[in-house]
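A.B. asks: In our numbering, the protein residues as written are 278 to 390. For glycine and all other residues, C-beta sits at the position ideal for the given N, C-alpha and C. Here the structure is a predicted model, which is why all the values come from computation and not from measurement.
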């Protein structure tokens with residue numbers, strides 16, 4: 278059985294989740310994407326002059342059903358806050374890898390089934 282989960286508010290990528298389950302490695306990779314989404318959403322809102330319209334933490338929580346909601350919130354908002362603190366002058370993809378890795382180290386962020 279294959280289930281498909283949408284990956285991110287800004288992306289139309291689909292990631293199949295196989296019957297073998299959603300692994301911790303899958304969740305850790307998605308954590309990096311969630312962090313980058315928060316960062317890039319801030320930058321898009323800054324450039325559009327409409328921060329409220331671009332703050333989509335609720336969408337991120339709904340999108341990543343396999344990850345605990347609190348983890349999605351913290352990752353997304355950390356990306357948002359880091360970009361805000363640096364005035365939008367940040368490479369979101371590059372920083373997402375290390376920030377998300379720091380967050381998930383020693384923790385399983387997957388939703389309990």
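Sort 324, 320, 355 by Cα distance to residue 311 and report the nearest one.
C.D. replies: Looking at the Cα atoms, 355 is the closest of the given residues.
A.B. asks: Can you tell me whether DSSP reads residue 376 as helix, strand or coil?
C.D. replies: In this structure, residue 376 counts as helix in the three-state DSSP scheme.
A.B. asks: Indicate the three-state DSSP secondary structure (helix, strand or coil) for residue 387 in the structure shown.
C.D. replies: Here residue 387 sits in strand by DSSP.
A.B. asks: Quick check on the DSSP output: the alpha helix (DSSP H) that includes residue 355 runs from which residue to which?
C.D. replies: 346-362 is the span of the alpha helix (DSSP H), which, as asked, contains residue 355.
A.B. asks: Is the distance from the Cβ of residue 232 to the Cβ of residue 299 below 9 Å?
C.D. replies: Since the first residue of the chain shown is 278 and the last is 390, residue 232 is not available in this structure.
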